[in-house]
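Single-structure report; data block below.
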Amino acid sequence: MTREELLSSPEYWTAEIQQHLYEEIATYMRQHNLNKAQLAERLGCSKSYVTQLLNGDFDHKLSKFVELSLLIGKIPEFTFTDINEYIENESKELSYSFTIQGATSQQDFQSVVPIIDGTVAA
19 MTREELLSSP
29 EYWTAEIQQH
39 LYEEIATYMR
49 QHNLNKAQLA
59 ERLGCSKSYV
69 TQLLNGDFDH
79 KLSKFVELSL
89 LIGKIPEFTF
99 TDINEYIENE
109 SKELSYSFTI
119 QGATSQQDFQ
129 SVVPIIDGTV
139 AA
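To convert a position in the sequence shown, counted from 1, into the working numbering, add 18.
Right, dumping it as structure tokens:
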């Protein structure tokens, strides 16, 4: 199987996503010192469901999502980001975007740059 064939395989991407999910769950359990029963309680599910997640046996139509993505020429990518980090980065991006949108010409943009750099005199 070529690399291109592998990357076009729904099974590859399903397994890839399952592996990422497993790693994220295992890390969470370690960081919070949880066993399967405790994690199941937090998730509001059964211990057997957590076991399925950790064994990679939980497809739940994920393979169909991957198959459809590949069908339209897209590779599904997922990122697991810490909530606080996401909010902080989103806040910075919104602030930056809002400031830049106020610049309507090159002259306006040049007057905005010191605001972004924090060099505006009071």
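From the three backbone atoms N, C-alpha and C, an ideal C-beta is built for every residue, glycine too.
A quick note: this is a predicted structure, and the numbers were derived from the prediction, not measured.
Taking V84 as the centre and dropping the five residues before and after it, the same chain places the C-beta of P28, W31, T32, I35 and P94 closer than 8 Å to its C-beta, in chain order. With 16 or more other Cβ atoms from the protein chains shown falling within 10 Å of its own Cβ, L71 counts as buried. Distance from the CA atom of F98 to the CA atom of A44, rounded to whole angstroms, is 13 Å. In the DSSP annotation of this structure, the continuous segment of the alpha helix (DSSP H) that includes T32 starts and ends at P28 to Q49. Assignment of K54 by DSSP, reduced to helix, strand and coil, places it in the helix class.
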